[in-house]
Structure formats: structure tokens, C-alpha cells
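Here is the structure we will look at.
Protein chains: 2
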Amino acid sequence: MHHHTDGPAAPAASAPAAPADSTAADVAAALEAAAGAAPALADLLPRERADLLRRVADAVDADTDALVGLAAEETHLPEARLRGEVGRTTFQLRRFAAVLDEGAYLEAVVDTADPAWPVGPRPDLRRVLEPLGPVVVFGASNFPFAFSVLGGDTASALAAGCPVVVKAHPGHPRLSARTGAIADRALRAAGAPEGTFALLFGEEAGRLAVTHPAARAVGFTGSIRGGRALHDLAAARPEPIPFYGELGSVNPVFVTRAAAEARAAEILSGFAGSFTLGAGQFCTKPGLLFLPASVSLEPLVDAVRASAPAALLNERVAAGFGGGVAALTGHPATTVLVEGTVDGDGAASAGWAPTLAATTVTDLLAHADVLMEECFGPAALVVSYADESELLPVAEALPGQLTATVHAEDTPQERPFAAALTARLRDRAGRLLWNGWPTGVSVTDAMHHGGPYPASTSALHTSVGATAIRRFLRPVTYQDMPHHLLPPALRDDNPLGIPRRVDGAAEPA
Amino acid sequence: MHHHTDGPAAPAASAPAAPADSTAADVAAALEAAAGAAPALADLLPRERADLLRRVADAVDADTDALVGLAAEETHLPEARLRGEVGRTTFQLRRFAAVLDEGAYLEAVVDTADPAWPVGPRPDLRRVLEPLGPVVVFGASNFPFAFSVLGGDTASALAAGCPVVVKAHPGHPRLSARTGAIADRALRAAGAPEGTFALLFGEEAGRLAVTHPAARAVGFTGSIRGGRALHDLAAARPEPIPFYGELGSVNPVFVTRAAAEARAAEILSGFAGSFTLGAGQFCTKPGLLFLPASVSLEPLVDAVRASAPAALLNERVAAGFGGGVAALTGHPATTVLVEGTVDGDGAASAGWAPTLAATTVTDLLAHADVLMEECFGPAALVVSYADESELLPVAEALPGQLTATVHAEDTPQERPFAAALTARLRDRAGRLLWNGWPTGVSVTDAMHHGGPYPASTSALHTSVGATAIRRFLRPVTYQDMPHHLLPPALRDDNPLGIPRRVDGAAEPA
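Top line first, the protein sequences correspond to chains P and X. First residue of the first sequence: 2, per this note's numbering; consecutive thereafter. First residue of the second sequence: 2, per this note's numbering; consecutive thereafter.
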């Protein structure tokens, strides 16, 4: 990274003072209140919790202007992007309300007594998913709404019926405090149990929350280093709890020779747009582009040079990016194609121009520890290959990824290679894209946002989409239980009107 | 424990020499072969894997006599019980074949492209569950068939499409070897990929398998101490993997005053039968019976005294049980009601008579570290209470349980208390029973065999029942992928004929 000035990154003059760090007593009070709220929150009917979520979404909508103003100050993200993100956040809250209304998420299964069951008389057995209990959520820096205080982790945990204790990200403390106050007020007004929601500040408070006996699960989006440390704390507890961490990903993009021949210009311009979008501050930023060595990189270099410098989220991201780019561009196995620059004093709020470097497949594999590492910000690495067959071993050697992308031609000639490449990538990534770009994670039923470690600490779960709720639910089976002690989801008359499996088949509506 | 002789438990004269411990090279070869088999096994159609499971089940059925003979020698379990367990084991294999045939387990979701999607144009997104990769399974001692080499963990992992490396339990090495050979032969004959199944022996081999880079998940049934050590190894790997351990449980039974007044004799006799069944060697053995102090224990004492002595599984179980009973009966807060005895030299194969002790709720809570600990074998503790209200705090203080049972009268007078007690127990246990006994775990869709730690290391998952397969599957989403590169489950024409969710609703059949 070539700074226009040589001094260390200084905090922006307008940086607000962060709310004071929460004390150990604050953490204990929040978790104990959450434990106290858990039974009543679990006992609400799904449609009652759906109402809570909609009330929270309405309250966020009503405060959009002030929230966006604060977010812009604290994160340097442009207003249009922030407004869009507020919309995504309230959409998520309302989507989980719809999930509750539908009720399929409860996975209700009824097996009535069967004296003729092949392995011995079967009692009446009824299974439903119930909330785990208090969930600790760590807000992310790069989505100050959609992955923060009222982001997907909080929405899915509340939907599941779990009280939530959020540890605010230090990148947007005032926004976090305001969002938390909105949530708290809306939940109280809607009659949620006391203790349903709390907000904590400070790293030590986060660690204390993860290790507090009342915590039953953790949701996290952030760095590999920070996430792994918290994962290890959660696993080492006297009673280990699930830690759902979405950590790091380089989101490789593979371009076949035929695709490069057919439409190199389009691919190179799409790549430049995707890796510099939002100043490269997305978990799904494509950090590696595999290209035939014969492709001219000039159009890509021109596009990157023409890309407008943009601010970074905060000083911590700026410092991390500076270090990552230095490691990338200073590595003997890379060539710098575009040297990123930063205006002025190198503060996060300055204009950061993107960086582009190049290497070969052989060098990438030989120096994977540095060159396959996520560099969070506007930087990417072009990896050239002489022969397409080089791509298969590199696909197998990838660490776990959120996404992997193939650009190829859909022709009979390409199919065998595309199939071989895709087969390897599906083992290494949570989402596979064809002729597209990984940035932009649509919130839909079919979305999976996760992947093998380190993309996620639990490859079985997603942090985006309807099934994110399952992270915070556990099955309970009731055996020969009288009707009045069964949860409504399991009663004979199906008072919730939800889809159920009864005696091995879908229950007729 | 009062032994008729004072010497240490000696190995039975007929104890077979265990197969040699697997070497580090054996472990590496098994896991590497499993990794090699994984893509081909994953690519089989569900009905092709169903065929593999049925072929394995047929092969087990065909060898039942020899298997039961070996099992009886090695585990001292009665033949009728072992024959029943073989039936349960092949039933499980065939049930997972049926799960594959139905295909709902794939959770296929198709969201077609939607330019009008509220948070921005939605690409074509299709999600399906795919196998995690090689699974390491630790066989249990107490179900030498149903939770061992070809038990539920192996059946569900193979069904999911994951190669399996089993670490044999040292309690039945020759049976494990024979079962493993049957599996290997049947899988090869059915055309399963080379490396689909392997069998290892020895504790160190088990640890090496859990930490081998190719292992993607672990299934385990056994002790808290052993399971926790392996859990910690799995969590501390450079790439952590899920560890599904079913560990320990005391399976408390709560008897209300009204139930005791109405049918003490029936309850006491049922309890004696349940905790001595199979010499108390079940994960679901009820170890604690909460009773009003006013109930006469004489019928219980008589029933326990009349219970026939039985052999224990192996010398390790005998030694552990001896220690556990000594801690229980020697504890200052307990009174011995029936002192268990053991015939002869105290070998596992000798006759072990059951032990019954008593304490109070107050003492149980004060000495929970010893008195709430599982004592694996024919021993139980009666916990007397003066007032039913004492039961609520003790229900809250329980460690995580596989089961919790309430004996109460289904009358308007009882309902409020039964509801309060059940509400607390559902947070602490995976299965709640009413007026029944927890031993006997029916294999059905609605069964949940798991619970909060230490009952299980993952409260979200079960080791029995159809949903056990989900432990070994992870979601993958395909974005804008050409038809020929999609897995069959996600193609437009639904060639597998499975239930799917398409654009937010069940796809018409």
C-alpha cells in the first residue's frame, strides 16, 4: 500500500466517543435477565413472536433517517447503500415473521402409538423444535444494519424464541446504541418479556458473555482471528455451546479458456466492479481471479485504475487492509499491477484506491498461507494458469469458502471440465455461481451463506435465509404426554394450523 | 459395592485377545481412502445408496446366528436381547434406506429468478443438502449392534453419503471385526466406492482419526470423560469439525404426591424393572426417583432384592460400576437401602445384584457433583421430598438429560403443578415421558435421542430416528447454474421425484 503520507493512520477528527465498555456486572445482568425471559418468550405462540418482529421492523423503518445519518458518520458508507441496507434489515425481520406464520420451521412430527411397530410397541411420540435459550450475537462492522444489532442473527434468534444479548461492534457504537434502544423500546411496547433483548459494549464483555453459564449459543460475523478465539472459548466451556461464526473467505473466481476467449472484456470489467464494490468490504468479495496466462490484463488494469477511491469502514479496517495489502504486494511471488493509493493522512475516511496484484497457480499453491488469505478491502489477486488442468488441484486445495464462481461457456466441449471443476468446488464452498459475481447475497429460502471452515465454524448452518432460524432450535420429544401438557404445535387438533408429519406422511390440510 | 471376594476384578478366563491396535499408518490409510471414496459416494443417487444399506442389512441378517454367538461371549448379554438388537440394527439400516427413497431429507429448495424481489433482483438459487465427507464413528459397548459398527451413526452417515471409519469398542473386538467384515464385503459386492468403510482398533487410533485432516465429523456414544476428551480434540483442530457425542444422563423420574397415593405399588415395581433392565446398562436408565417422603419404600426394596443378578458387559464396565456404586453408597448423604452384591470373583461375567440408595432433595442439591452423576449399571437413588414445591428448583438444577419422566395424575388438581414441572424439564431434557419409563428408545420419525450437554455434545441433533442423517449433511446453494451441472435433486424436471419447496411453496406432485 502506497500512502501519500507516511504516518500511521490517525482517527478521523469526527470519531464519536464510544459508549463505555460494559462491566462484568452488566454482562451478568444481561444474561441473567435473558435466562429469566427465555421461558415466557418460548411460550409465546409463533404468531405472537411474529408480531414482535414486525413491531421492531416498523420501529426501524420509522427511524430510518436518523439511523442512516449516524451510520454514514460512523462507517463512511454512502447514504444510498445504507438506506438499501435498512430495507434489507426490516425485510429480514418480516421474512422471519412469515417463517413463524407458516410454522414449517417447527418440524412437528407426530407418531401415534402403534402396538404393531416392527421393533416393539411404539408409544405416542411427538417431536417439535424448541428454542435453545439466550443467544449472544456479535455485530459485524461491514453491514451496520443487516449483520449488526438487528441483523439476521438477532432476527433469527428472536424468531426462534431465544432472548438475545448483542455485543456491539466498535465500528459503529452510537448507531448500535440507537438501534438497540429502538429494539428495546419496540419489544417492550409489544409486550415482550423483560430481558428479551440487551446490548453490551467492549471486547471483554463479549468474551464474558460467551462464557456466561446462561448463554446457549453464539452468532458471530467477523475475522478469522477474533472468531476462532471466541469459538475456542465456547467449545471449552464446562457446557460447550454452538458457536456460529461466519469468518473469512477469498471467494475464488475461475475463468475457463473458452470463456476468456468468448468474453474477456465483460468478465474483466465484471470482476473489477465486484471486488471494488463497497470498497471490497464484503465477506463475498472475489479476492482471486483465475485466468489463462494468455489473456491481456490491460482492460482490467484500466478498469481498476478508473475505479473511484472510496473510504473504508473504520480505522481498524484501514489498518488491517494496509497490512494485508503490504503482505500481498510485497510478497516475492506477486507482481503489482495496480498500486493502490490513499489520499491525505491515510485515515479510514480518506479515498482508498484499489490494489491489483498477479501471481501464478504454482506460486499461489506454494505460498497459500499468505496469498489465499482474505484481504478485507479493495484488493484482489489475478492468478494465471497455462493449462486448465492446473485449476483442479487448486480447487481441491482451497480452504473453506462462502462462494466459488465458475465462468465458462455452456457448450458440450466445456461440460466435462466444468463438471470436474464444479464437483471439486462444491466440497469447498457453500454457494457455487455460474457466470456471475458473488457480491450481493439475496435473502431467500434457497440462499446458503456459510461454508466449510474458515468460511463458517459450522458448515451445517447458514446466517442468511429462512433456515438460519434452525441454529437456535433443538428438538424435544414428548412421549405419551396428555394433551394439555403438549405444546400447541403437537396437539391432535393442530391449533396452529402448521404443516406436520403424522405417522410417516404429510398431515392432510 | 460389597464384593463376595475382595480382590480386584479379574478378566474372565475366556476373554478373547483383541485384534491388534491399528497403527498411525492404518488410520491415515483409512481416512485417505475414505476421502477418495467421498465424491463417488456422494454422487450415487439416493436410491443407489438405499440399495447399499439394504444389501448390508441383508448380509447382517444372514449372519445373525454367528454374530449373536460372538456378541454373547464378548458382552455377556442374553441371546434373546441380542437377537432383538440385531433386528433393530437391520431395521435402522432399512429405515434410512426408506428416508433416501423419500428424499425429503435433501431439503431441496428452488427459488427461480425474480427481477421484482423486494431487496433487489433475485438470481436463480437452488439449495440442497450434500454429504460432509468422511465420518469417524465410535462404537458403544452397551449396544454391540445398534450403536456399534453398523449402528445408527454408521447407518445415518452412509445414508447421507459419507464414507465411515469406525473405531471399534474394545468391549467386543471380535464381534466388531466380524461385523466390519460383513459390512465391507456387502458394500464391495454392491459396488460401493473403495474406501467407503473401514474399521480401526485402539484408543490412540481413535484419537488420530478424530484429528486426521480428512475427517469431517465424528459420531460417538460413550462416557462423559472419554467423549469430552474427543470433543475437545475435534474443536481444537486447525479446521474444527462437528462432534456428535451422546454422553451421560441420569434420567430423573418425578412422582407427584397424588400419583404416589393412587398407584405407588405400580410405580415402584415399574421403576425397579426399568433401572435393573439389562443390568442398568442403558443410557436411558432412570437413576433418580423423586418420591414423597411419606411413601413406604418396602415394596421397592423387596422388588430390587428379588431382581435376578446379571452379568455386566465387560471388565471395564464392572470396574467403573464398582467405583460408582462405592461413591454413591459410601457418601455421607446417602442411606443404602439394598446393598448390591457380586458373586464369585467380581468378574463382569459374574452375577451382579442391583444397588438401591436413598437421599433427600436437599442433600442431592448439596452434593450434585457425586449424586447426580451417572452410575452405569444396576444402581439407583431414591430422592425423597417433603413438599412437591422442592421439585421445581431441582428440575432447573439438573444437568442436561436424555430423558425426564413425570408420574402424575391427569386431573384438574394436578395440572398446574405438572405443567410447571414439565416446563422446567423440557429445558433440561431431550425427551419427556408421562407415566412411563425411559428405557426402550423406539426408532421412529418423532424420536429424539439427545439433549443438552452432557446428555449430548450437540443439543440440536439426535442419534436415533430419521433426522439423525442431518448431522452429516451441509447445505450447498447453486446460483444460475446450467441444468446439466445441477444435482438431480435440483433440476427442473425433479427426476428424483422428491418433495421440494419451489418459489416459497410445496411443489405440486
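Think of the CB as a built atom: it goes at the ideal place given N, C-alpha and C, for glycine as much as any other residue.
Selection from VAL343(X), THR360(X) and ALA359(X) that minimises the alpha carbon distance to GLY352(X): Here residue 352(X) is taken as the residue at index 351 of the second sequence, counted from 1. Closest by C-alpha distance to GLY352(X), out of VAL343(X), THR360(X) and ALA359(X), is VAL343(X).
Exposed unless 16 or more other CB atoms sit within 10 angstroms - verdict on PRO333(P): Along the first sequence, one-based indexing puts residue 333(P) at 332. By the neighbour-count rule (16 or more Cβ atoms within 10 Å), PRO333(P) is not buried but exposed.
Reduced DSSP secondary structure (H/G/I, E/B, other) of ALA506(P): In the first sequence, the residue the question calls residue 506(P) occupies position 505. DSSP places ALA506(P) in strand when its eight states are reduced to three.
Simplified DSSP state of ARG475(P), which is helix, strand or coil: As a first step, residue 475(P) must be located in the first sequence, where it is residue number 474. Of the three classes helix, strand and coil, the one that applies to ARG475(P) here is strand, per DSSP.
Inter-residue Cα distance where the pair is LYS286(X) and VAL384(X): Translated into the one-based positions of the second sequence, residue 286(X) becomes position 285. Translated into the one-based positions of the second sequence, residue 384(X) becomes position 383. Roughly 16 Å between the two C-alpha positions.
First through last residue of the alpha helix (DSSP H) which encompasses PHE272(X): Your numbering for residue 272(X) matches position 271 in the second sequence. Counting along the chain, the alpha helix (DSSP H) containing PHE272(X) begins and ends at 258 to 277.
Chain X within 9 Å of TYR386(P), Cβ atoms only: Within the first sequence, residue 386(P) is the residue found at index 385, counting from 1. Not closer than 9 Å to any Cβ of chain X, the Cβ of TYR386(P) fails to qualify, so no.
Rounded straight-line distance, which links the Cα of ASN495(X) to that of ALA13(P): Locating residue 13(P) in the first sequence gives position 12, where the first residue counts as 1. Locating residue 495(X) in the second sequence gives position 494, where the first residue counts as 1. With a pLDDT of 41 at ALA13(P), under the threshold of 50, the modelled position of that residue is not reliable, and the figure given next carries that caveat. Each residue's Cα considered, the two are about 56 Å apart.
Candidates GLY203(X), PHE144(X), ALA369(X) and ASN143(X), of which the one nearest VAL1(X) by Cα: Here chain X has residues from 2 to 510 only, and residue 1(X) is not among them.
Min CB distance ASN315(P) to chain X below 9 Å: The sequence position of residue 315(P) within the first sequence is 314, counting from 1. Output row for ASN315(P): interface = no.
Short CB-CB distance (under 9 Å) between ARG519(P) and chain X: Residue 519(P) lies beyond the residue range present for chain P, which begins at 2 and ends at 510; the question has no answer from this structure.
Classification of PRO509(X) by the beta-carbon crowding that lies within 10 angstroms, buried from 16 upward: Looking up residue 509(X) in the second sequence gives position 508. PRO509(X) should be labelled exposed.
Neighbourhood of ALA387(X) by C-beta, 6 Å cutoff - its chain only, sequence neighbours within 5 removed: Within the second sequence, numbered from 1, the residue matching residue 387(X) stands at position 386. The answer, listed in chain order, is ALA294.
Inter-residue CB distance, GLU33(P) and ALA199(P) (contact presumed, cutoff 8 Å): By one-based count along the first sequence, residue 33(P) stands at place 32. By one-based count along the first sequence, residue 199(P) stands at place 198. Wrong, their Cβ atoms sit about 10 Å apart, outside the cutoff.
Residues near ARG189(P) by beta carbon distance below 6 Å, same chain, minus five either side: As a position in the first sequence, residue 189(P) is number 188, starting the count at 1. Counting only Cβ-Cβ distances below 6 Å, and skipping sequence neighbours, we find nothing.
Candidates PRO145(X), ARG502(X), LEU101(X) and LEU151(X), of which the one nearest THR445(P) by Cα: Along the first sequence, read from residue 1 onward, the residue named residue 445(P) stands at position 444. Measuring from the Cα of THR445(P), the nearest candidate turns out to be ARG502(X).
Cβ contact check for the segment 445 to 457 of chain X and the segment 410 to 422 of chain X: 3 or more pairs under 8 Å: no
Pick from THR277(X), ALA147(X), ARG48(X) and ASP52(X) that is closest to ALA105(X), judged by C-alpha positions: As a working mapping, residue 105(X) is identified with position 104 in the second sequence. Measuring from the Cα of ALA105(X), the nearest candidate turns out to be ARG48(X).
Any chain X beta carbon closer than 9 Å to MET448(P): The residue given as residue 448(P) occupies position 447 in the first sequence. By this cut-off, MET448(P) is an interface position.
Limits of the unbroken beta strand (DSSP E) element including ARG127(P): For the purposes of this step, residue 127(P) is taken as residue 126 along the first sequence, with counting starting at 1. Per DSSP, ARG127(P) belongs to the beta strand (DSSP E) from 126 to 132.
Alpha-carbon to alpha-carbon, ALA184(X) and ARG82(X): As a first step, residue 82(X) is located in the second sequence; it is residue number 81 there, counting from the start. As a first step, residue 184(X) is located in the second sequence; it is residue number 183 there, counting from the start. ARG82(X) and ALA184(X): Cα-Cα distance of roughly 22 Å.
Separation of PRO476(X) from PHE418(P), as counted between CA atoms: Position 417 of the first sequence, counted from the start, is the residue given in the question as residue 418(P). Position 475 of the second sequence, counted from the start, is the residue given in the question as residue 476(X). Using only the alpha carbons, I get a separation of about 23 Å.
Closer than 9 Å at the beta carbon, the chain X residues around ASP494(P): Translated into positions along the first sequence, residue 494(P) becomes position 493. At a C-beta separation below 9 Å, ASP494(P) has no neighbours in chain X, since its nearest C-beta there lies roughly 18 Å away.
Cβ neighbours of VAL28(X) in the same chain (closer than 7 Å, five flanking residues each side left out): Residue mapping note: residue 28(X) aligns to position 27 of the second sequence, counting from 1. Closer than 7 Å at the Cβ level, and outside the excluded window around VAL28(X), lie LEU201, ALA206, LEU209, ALA210 and HIS213.
Straight-line Cα distance separating THR222(X) from LEU298(P): Translated into positions along the first sequence, residue 298(P) becomes position 297. Translated into positions along the second sequence, residue 222(X) becomes position 221. Cα to Cα, the separation comes out at about 56 Å.
Residues, ordered as in the chain, of the segment 423 to 438 of chain P that lie near chain X by beta-carbon distance below 9 Å: Answer in chain order: THR423, ALA424, ARG425, ARG427, ASP428, ALA430, GLY431, ARG432, LEU433, LEU434, TRP435, ASN436 and GLY437.
Supposed contact pair GLN402(P) and SER250(P) - C-beta distance, whole angstroms, cut 8 Å: The residue you call residue 250(P) lines up with position 249 of the first sequence. The residue you call residue 402(P) lines up with position 401 of the first sequence. For SER250(P) against GLN402(P), the beta-carbon gap comes to about 5 Å, under 8 Å, which counts as contact.
C-alpha distance - ALA320(P) paired with GLY378(P), whole-angstrom precision: Taking the first residue of the first sequence as 1, we reach residue 320(P) at position 319. Taking the first residue of the first sequence as 1, we reach residue 378(P) at position 377. Between ALA320(P) and GLY378(P), the C-alpha separation is close to 11 Å.
Coil, strand or helix - ASP112(P) by DSSP: Residue numbering aside, residue 112(P) sits at position 111 when the first sequence is read from its first letter. Strand at ASP112(P).
Under the three-state DSSP convention, the category PHE146(P) falls into: Stepping through the first sequence from its first residue, residue 146(P) is reached at position 145. Correct three-state label for PHE146(P): coil.
Given ALA358(X) as reference, the closest of THR335(X), ASP370(X) and MET373(X) once Cα atoms are compared: Counted from its first residue, the second sequence places residue 358(X) at position 357. Closest by alpha carbon: THR335(X).
Per DSSP, the bridge partner or partners of LEU434(X): Taking the second sequence and counting its residues from 1, the one referred to as residue 434(X) is at position 433. In the DSSP output, where bridge partners are listed per residue, LEU434(X) has GLN480(P) and THR406(X).
For ARG56(P) and VAL150(P), the rounded distance between their alpha carbons: By one-based count along the first sequence, residue 150(P) stands at place 149. By one-based count along the first sequence, residue 56(P) stands at place 55. Rounded to the nearest angstrom, the two C-alpha atoms are 16 Å apart.
Residue-level contact to chain P via CB, THR463(X), 9 Å cutoff: Reading the second sequence from its first residue, position 462 is the one you call residue 463(X). So, interface residue.
Spatially closest choice to ALA327(X) from GLY341(X), LEU314(X) and ARG317(X), by CA coordinates: To locate residue 327(X), count along the second sequence from 1; it is residue 326. Checking every option, the nearest Cα to that of ALA327(X) belongs to GLY341(X).
Span separating the alpha-carbon of PRO500(X) from that of LEU46(X): Residue 500(X) sits at position 499 when you count from the first residue of the second sequence. Residue 46(X) sits at position 45 when you count from the first residue of the second sequence. In this structure, the straight-line span from the alpha carbon of PRO500(X) to that of LEU46(X) is close to 15 Å.
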